[in-house]
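Count along the sequence shown starting at 1, add 3, and that's the number in my numbering.
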Amino acid sequence: MRDRTFLMTKIIATLGPATSSLTVIKELIEAGVRVFRLNFSHGTFDAFDELVKTIRKAEDETGIFVALLGDLSGPKIRVGKVVEEGVMLNAGDIIQFVKKPVVGGTVGNEFTFSTTYPQFIEEVKPGQKVLLDDGNIELRCVSATVYPDEAVLRCKVINGNMLFSSKGINLPDTELSFPSLTEKDLRCLKYAVDRKFDFIALSFVRKAEDVRVLKKHLTEMKARPAGLGITGGDLGFSTTFEDNYIPVISKIEKPQAIDNLDEIIEESDAIMVARGDLGVEMDLAEVAILQKQIIRNCRHHMKPVIVATQMLQSMIHEAAPTRAEVSDVANAIMDKVDAVMLSGETAVGRHPVETVKMMSRIARKTNDYLKENLSHSGKYMPYEGLLNSKAAMARGVSMMARDIQAKYIITWSHSGGSSVFLSQQRIQIPIISFAENITRLQQLSLVYSIRPVFMKQPESGSKFIARLDEILIANKWAEKGDPVIVVASSPIKKRGLTNRVVIHYIGESLGE
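Next comes the structure, spelled out in structure tokens:
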């Protein structure tokens with residue numbers, strides 16, 4: 004546990020063929036990864052089992068807690084089978100989609116294609132856009148005709164390109180009727196619950212009801228406490244002491260999600276700005292503005308927020324990123340997001356470990372700049388009952404930490420709720436959260452500025468402080484005389500209460 008690195012902005016890495024070995028996963032953790040994303044769109048449960056075992060073994064060997072994020076595929080629509088060499092679509096061509104399975108490009112079906120969601124043929128209206136292959140091909144619906152035994156959607160090619168099998172279909176103008184969770188998603192959800200994943204990401208969220216449906220399934224699977232509805236600035240941790248809670252991260256990637264943004268943020272436990280499909284379905288020139296808007300709204304609601312997609316995309320092939328990519332990562336960090344995420348860069352890239360090292364360097368430099376140049380005035384959002392006292396405590400601690408120039412804020416955590424509230428203050432001071440709940444320590448790995456550390460339940464507040472002194476000095480995290488603020492309950496074994504704040508100097512004796 005001698006690692007002296009304190010990451011403020013966390014790094015999420017997607018695992019794939021390039022990053023499946025124990026050696027590489029350990030290197031990723033040591034380079035700065037604190038959350039591993041398993042994309043359920045690709046892979047089998049047997050392959051995921053191996054990855055989960057490897058991640059937990061790497062966690063044990065490095066002594067650094069990491070979280071597991073399961074990303075549900077959602078109702079992604081794709082083109083059906085196309086001839087192996089593909090079909091060239093040119094501007095002005097008229098093509099058609101049909102419900103029955105066909106192989107596009109074969110004799111008699113030169114410009115006829117099937118899809119994985121045939122029902123969309125009856126839902127797209129004339130004049131609406133149909134985008135293929137991440138927007139590389141743009142179509143415009145000309146007509147939709149329903150026959151007794153078939154339905155045909157005719158489209159004109161506006162911007163052409165080669166079309167191959169299984170390419171994605173985006174319908175930015177169309178309100179689709181499909182459910183937010185597919186049968187495959189429900190199988191993946193059960194798998195994630197059984198394997199004790201730390202977070203679940205929901206794709207293609209369109210409205211708050213989509214989030215409620217997922218939370219209902221989690222409750223039925225005993226992975227969300229009954230009665231836990233809308234969570235506050237504590238990620239829902241304050242009312243959940245056991246290991247049976249998997250928070251929901253809603254991915255914002257649809258125009259309908261932007262229309263319903265506030266209600267989705269309120270209903271979700273955390274948010275991901277999924278810029279891939281968002282940049283396809285909306286005007287690409289708006290993506291940066293939308294990113295700022297989503298982050299700002301998450302900060303207002305005190306919900307954790309992640310920025311994802313193409314952050315260091317060129318490093319899939321190149322050993323160094325572009326200047327624009329570096330600025331993109333730094334810009335997200337300056338907006339004080341909880342985490343930045345790597346996708347293809349670590350899943351299939353040539354330089355996964357170097358990519359994480361680069362992102363970590365950018366994060367450190369940017370957070371150092373923020374610490375030196377930005378003032379902090381504290382943030383308070385009123386709640387009812389227990390959460391209100393924790394929110395008020397967090398703001399007060401943030402001001403005290405600033406005034407005494409605290410090196411760390413130290414917490415003893417039963418649930419982790421107070422640590423998350425403190426994180427939401429976005430103080431440029433690391434929070435060391437001690438706890439004996441392994442699951443909660445792993446979940447805290449996602450949250451801004453928190454370093455989770457295992458400790459057995461201390462017998463008293465003074466024994467806790469004496470023990471944390473030993474750990475900080477032994478790991479060379481602090482020296483005698485360094486100021487810290489200690490936040491805990493009194494008595495320290497009391498759960499659900501945060502009522503003790505101590506200004507402490509490392510090595511100073513303290514009686515009860």
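Quick reminder that beta carbons are idealized off the backbone N, C-alpha and C, glycines included. All values derive from a computational prediction rather than experimental measurement.
Pull up the DSSP beta-bridge partners for residue i, would you.
i: Q99; result: T115, R157
i: F437; result: W415, V456
i: M91; result: M165
i: C144; result: C158
i: K254; result: M275
i: R40; result: T17, L72
i: A311; result: A277
i: V82; result: T118
i: N173; result: L134
i: S503; result: Sequence check: residue 503 is Arg here, not Ser. According to DSSP, R503 bridges with A491.
i: G107; result: V85
I need the DSSP call for residue i, collapsed to helix, strand or coil.
i: Y508; result: strand
i: V133; result: strand
i: I15; result: strand
i: S392; result: helix
i: R215; result: helix
i: I488; result: strand
i: A21; result: helix
i: N300; result: helix
i: V450; result: coil
i: F207; result: coil
i: A342; result: strand
i: Y386; result: coil
i: E515; result: Bear in mind that a pLDDT of 49 at E515, under 50, signals an unreliable position, so the number given afterwards is only what the model happens to contain. Reduced to three states, the DSSP call for E515 is coil.
i: V149; result: strand
i: F202; result: strand
i: N139; result: coil
i: D188; result: helix
i: S183; result: coil
i: R227; result: coil
i: I432; result: coil
i: V233; result: Reading the sequence as shown, one finds Ile at residue 233 and not Val. The answer is coil: DSSP assigns I233 none of H, G, I, E or B.
i: Q427; result: coil
i: L10; result: coil
i: H354; result: coil
i: S422; result: helix
i: R364; result: helix
i: T325; result: coil
i: K496; result: coil
If you drop the 5 nearest sequence neighbours on each side, which residues of the same chain put their C-beta closer than 7 Å to that of residue i?
i: Q25; result: Residue 25 is actually Leu in this sequence, not Gln. Once the five neighbours on either side are set aside, the close Cβ partners of L25 are T57, K60, A61.
i: V340; result: T12, I298, V308, I309, V310
i: C301; result: I268, I274, V308
i: L92; result: I98, I140, V160, G163, N164, L166
i: L373; result: M337, Q431
i: F424; result: G236, D237, K393, A394, A397
i: N502; result: S492, S493
i: R470; result: M458, P461
i: F467; result: W415, P461, A491, I495
i: A50; result: none
i: T312; result: A277, R278, G279, S346
Whose C-beta lies closer than 6 Å to the C-beta of residue i among residues of the same chain, with five residues either side of it excluded?
i: I15; result: V38, R40, A342, M344
i: Q316; result: none
i: K483; result: I509, G510
i: N263; result: K210
i: E178; result: none
i: Q296; result: none
i: R5; result: Bear in mind that the predicted position of R5 carries a pLDDT of just 48, short of 50, making it unreliable; the figure below should be weighed with that in mind. Only N478 meet the Cβ criterion.
i: D246; result: T442
With residue i and residue j assumed to form a contact (beta carbons below 8 Å), what rounded beta-carbon distance in angstroms separates them?
i: S448; j: V69; result: 5 Å
i: I124; j: A154; result: 5 Å
i: T47; j: K199; result: Rounded, the Cβ-Cβ distance is 19 Å, inconsistent with contact.
i: I319; j: G347; result: 5 Å
i: H354; j: A322; result: 6 Å
i: S422; j: S436; result: 4 Å
i: M361; j: P324; result: 6 Å
i: S23; j: L54; result: 6 Å
i: L134; j: K170; result: L134 to K170, Cβ: 10 Å. No contact.
Please list, in chain order, all residues of the same chain as residue i whose beta carbon is under 8 Å from its beta carbon, the five residues on each side excluded.
i: L189; result: H220
i: T243; result: P228, L231, S418
Next on the checklist: I'd like to know if the stretch 474 to 490 and the stretch 501 to 508 are in contact, where contact means that at least 3 CB-CB pairs between them fall below 8 Å.
Outcome noted: Segments in contact, yes.
Next on the checklist: Across the stretch 197 to 212 and the stretch 268 to 287, are there enough close Cβ pairs to call them in contact, namely three or more that are closer than 8 Å?
Outcome noted: The stretch 197 to 212 is in contact with the stretch 268 to 287.
Next on the checklist: So, does the stretch 110 to 130 touch the stretch 142 to 159, judging by three or more C-beta pairs under 8 Å?
Outcome noted: The stretch 110 to 130 is in contact with the stretch 142 to 159.
Checklist entry - Contact between the stretch 491 to 500 and the stretch 407 to 419: three or more CB pairs below 8 Å? => result The stretch 491 to 500, when compared against the stretch 407 to 419, does touch it at the 8 Å Cβ threshold.
Next on the checklist: For the pair the stretch 238 to 250 and the stretch 216 to 229, tell me if three or more CB-CB distances fall below 8 Å.
Outcome noted: The answer is yes - the stretch 216 to 229 touches the stretch 238 to 250, with three or more Cβ pairs under 8 Å.
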